[in-house]
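Residue numbers (the working numbering): 869 to 1195. Just below is one structure, and these are the notes that go with it.
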Amino acid sequence: MKTKLGMPYNKICVTLALISILLGASAQNFPNKQIKMIVATTPGGPSDILARALAQRMSEKMPAQVVVENRPGANSIIGADAVAKAPPDGYTLLVTTGTAITINQHLFKKLPYNPATDLMPVGKLGMSYFVLYAKNGLPFQTAKDFIAYAKANPGKLSIGINGVATPPHFTVKNLEFATGTKFNIVQYKGAAPAFNDLVAGHVDLVLESPSLGLAFIKSGTVKAIAATGNKRFAALPDVSTLSEIYPGLEGLSWFGVMAPVGTPKEIIKKLNQEIQDFVADPATREKIAALNFVLESGAPEQMGEYIKTETTHWGEFLKRTGISIEQ
């Protein structure tokens, strides 16, 4: 019996069987060369910190080295596109926030990659809430005093954020809606440059994850004015959350690992197990939790459902707020 292509049916079956065997063998031997984790943001930011901690542990536990490569730019598009176009073999991974996966498709008329069809979830790493840091010398010390000053001086205070249409940006916009005032929003290509300007006094405030700022707070270089989330950070127990003043105003950024679509399921399963072991490791929790990351993982399918929910949520939010990026 022959197919329409002229190839005998039994040959097709043999070919498919061989492909299946080869893929199985490939997954069984994985990894047998270096794994590259691409981070679509600048060095020193939350994604970079998590990626390097994960890469270090995986390098210690797996028979291959795991390296981190930063490819920032274009609202995380450059890094995400590099992974989307990589071979689907498990050796190129994306450590990302929701920006590249659930937000960009609502902002750009055309992306070089499709988050839903070019990338697949490997596992969630967790989330981080934000701290509102202020330079020294500003006439307020608490969240309530900050809000009172902002209302009395609309547009006077500058707030630095990482990127455009990112979770920190959305949090500042929600704060504007809640308070009825305006801020001078200054956008940076990364969390680290924003912090550098805050320390130098070029920007009044920065809204960013705790990972970058705790050392500066301890040294007295900057001060913490407020935090997001529904409970106070253990490391900053005297700093009020914005939700204490405006219930429901939270603000967070989630982190996860993605792979090119078509990566064999057995390889995804192996990588997911490494992520879950990383998240559950007491040493990881002691090191990362101290930076106020909320570590949590789960199956790739659970991350996939979370991505669907987040994609719908941010699409509706962007329509409601009118936030956009020039095409």
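For glycine and all other residues, C-beta sits at the position ideal for the given N, C-alpha and C.
Rounding to the nearest angstrom, what Cα-Cα distance links residue i and residue j in this structure?
i, j, result
"LEU993", "PHE1084", "25 Å"
"GLY958", "PRO1115", "42 Å"
"GLU1112", "ALA1068", "30 Å"
"ASP986", "LYS1003", "42 Å"
"GLY1190", "GLN896", "49 Å"
"PRO1128", "VAL951", "6 Å"
"GLU937", "SER927", "15 Å"
"TYR944", "ALA921", "With the sequence shown as reference, residue 944 is identified as Ser, and Tyr is not the correct amino acid for it. Roughly 20 Å between the two C-alpha positions."
"SER1165", "ILE1156", "14 Å"
"PHE1185", "VAL1032", "14 Å"
"LYS1187", "GLU1173", "22 Å"
"VAL1071", "LEU1025", "8 Å"
"ALA1167", "PHE1045", "36 Å"
"GLU1154", "LYS1133", "31 Å"
"PRO899", "ILE1093", "46 Å"
"ASN1042", "LEU1117", "7 Å"
Can you tell me whether residue i is buried or exposed? The criterion is at least 16 other CB atoms within 10 Å of its CB, across all chains shown.
i, result
"GLU1142", "buried"
"SER1087", "exposed"
"THR970", "buried"
"GLU1076", "buried"
"ASN1021", "exposed"
"PHE1014", "buried"
"HIS1181", "exposed"
"PRO1105", "exposed"
"ASN1030", "buried"
"ASN1098", "exposed"
Give me whichever residues DSSP pairs with residue i in a beta bridge.
i, result
"TRP1122", "MET995"
"LYS904", "VAL935, THR960"
"LEU1082", "Paired residues: none, contrary to the question."
"ASN1030", "TYR1056"
"VAL1003", "At residue 1003 the sequence reads Lys, which differs from the Val that was named. In the DSSP output, where bridge partners are listed per residue, LYS1003 has VAL1090."
"THR1109", "ALA1095"
"MET1231", "With the chain covering only 869 through 1195, there is no way to say anything about residue 1231."
"MET1201", "The chain is shown from 869 up to 1195; residue 1201 falls before or after that span and cannot be answered."
"VAL1162", "MET995"
"GLU1134", "DSSP output for GLU1134 lists no bridge partner at all."
If you reduce the DSSP assignment to three classes, tell me which class residue i lands in.
i, result
"GLN1055", "strand"
"GLY1048", "coil"
"PRO1061", "helix"
"ALA1127", "strand"
"ALA893", "Because the pLDDT at ALA893 is just 47, under 50, the model does not fix this residue reliably, and the value given afterwards should be weighed accordingly. The answer is helix: DSSP assigns ALA893 an H, G or I state."
"LEU1117", "coil"
"VAL1071", "coil"
Regarding residue i and the ligand PLP, is the C-beta to nearest heavy atom distance less than 6 Å?
i, result
"VAL1107", "Absent from the structure shown: the ligand PLP. Ligands present: none."
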